[in-house]
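Structure first, commentary second.
Numbering (the working numbering), first residue to last: 697 to 1012.
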């Protein structure tokens, strides 16, 4: 068996059939599919049990969360490689074939991911493509910001889990990012420059919970910097700054402007050089149009910001 596909499924009947259909259309066929029903109360388990293809296996367990479902899948996997597919996402027909080819020919690579196309709630594809980066030994990149961006994009050598362990069940969010950080510490990454993963955006994406995400982000970074690779400790403040900026944008998108304002200043407090980042400047300007948060900034930051907005011109 070459590939084990793990699908964590919780009340997934609105989307699971499209995910399964994308597997049936794969040009690479030497795979098994482990659908882990995580205590669903809808028809997920019944529907999955009626799939006639012998490559599909249903595993049912009490509700424990996506990380526990992924762990169950990995522990039961028989393939050399493990690919993860969230029940609300789906794949292009050549995804497995191209990832297998990469892992077969690059033994130093532990994880290979792909570019991403955003899908609409009804499963139709949008014209938005995320061209993710991240190749080689990139722990210092992965710890600053998750380059995978979607849990349905990676294929991982099964031996990686024997080396780094399973998904951390103490994390409520971003347990996949924590795993990629741990894998990146020991293995090289590769990326296929094609949008082979289709990431569905819908109202129930748990990534909208910015407070929960930020708490998990900080837990992950605490773990990562307990024993960072040599000469990487200087990244710590930058990582916490980026985590808080991410949460600030999520808060802004949820119309929680005061909270977005607070999180943004916390981000700048961790690393004032974040003001060099276009995303921070953009959020500053958006919030300033609402309630002039710039008035609360320390004078040295105001001077630096003015310098940036003037394009680096002399101020005096």
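C-beta atoms are modelled at their ideal positions from N, C-alpha and C, and glycine is treated no differently.
From a predicted model like this one, the values you see are computed outputs, not experimental measurements.
Identity of the residue in the options nearest residue i by Cα
i	options	result
residue 803	860, 852 and 958	852
residue 699	728, 931 and 898	728
residue 876	916, 703 and 812	916
residue 959	969, 974, 972 and 936	936
residue 982	724, 953, 815 and 893	953
residue 703	962, 754 and 722	754
residue 752	713, 763 and 788	713
residue 930	889, 861 and 966	966
residue 835	724, 961, 963 and 924	924
residue 789	726, 979 and 722	722
residue 797	910, 980 and 886	886
residue 812	985, 893, 868 and 837	893
residue 776	759, 961, 814 and 792	792
residue 809	815, 763, 826 and 888	888
residue 854	837, 869, 868 and 799	799
residue 869	801, 932, 933 and 939	939
The beta strand (DSSP E) enclosing residue i, as first and last residue numbers
i	result
residue 942	Looking at the DSSP string, residue 942 is not in any beta strand (DSSP E); the run it does join, the alpha helix (DSSP H), is 932-949.
residue 728	727-734
residue 674	Since the first and last residues shown for the chain are 697 and 1012, residue 674 lies out of range.
residue 753	752-757
residue 713	Note, residue 713: premise wrong, no beta strand (DSSP E); alpha helix (DSSP H) at 712-720.
residue 810	805-815
residue 780	777-780
residue 704	699-705
residue 970	That residue, residue 970, is in no beta strand (DSSP E); it is neither H nor E in DSSP.
residue 821	821-826
Inter-residue spacing [alpha-carbon to alpha-carbon] between residue i and residue j
i	j	result
residue 839	residue 773	27 Å
residue 782	residue 975	28 Å
residue 859	residue 806	11 Å
residue 857	residue 716	25 Å
residue 988	residue 944	Note that residue 988 scores 49 on pLDDT, short of 50, meaning its location in the model is unreliable; the coordinates nonetheless yield the value given after this. Spanning the two alpha carbons is a distance of roughly 16 Å.
residue 918	residue 942	17 Å
residue 734	residue 968	43 Å
residue 920	residue 874	8 Å
residue 711	residue 718	11 Å
residue 890	residue 849	11 Å
residue 927	residue 914	21 Å
residue 750	residue 720	12 Å
residue 740	residue 947	33 Å
residue 950	residue 905	9 Å
residue 709	residue 786	14 Å
residue 862	residue 977	38 Å
residue 738	residue 766	20 Å
residue 761	residue 779	18 Å
Status (buried if at least 16 other CB within 10 Å, exposed otherwise) for residue i
i	result
residue 897	exposed
residue 972	exposed
residue 736	buried
residue 871	buried
residue 824	exposed
residue 725	exposed
residue 771	exposed
residue 1077	The structure shown does not extend to residue 1077, since the chain is modelled only from 697 to 1012, so the question has no answer here.
residue 784	buried
residue 843	buried
residue 701	buried
residue 986	exposed
residue 957	buried
Enclosing alpha helix (DSSP H) for residue i [first to last residue]
i	result
residue 907	906-920
residue 965	953-966
residue 858	854-860
residue 740	740-745
residue 793	791-801
residue 762	762-772
residue 838	835-838
Contact test: residue i Cβ vs the ligand COA heavy atom, cutoff 7 Å
i	result
residue 833	Annotation note on the ligand COA: not contained in the displayed structure, which lists no ligands.
Are the stretch 827-838 and the stretch 863-883 touching by the rule of at least three beta carbon pairs closer than 8 Å?
-> yes
Report yes or no: do three or more beta-carbon pairs, one from the stretch 815-822 and one from the stretch 743-753, lie closer than 8 Å?
-> no
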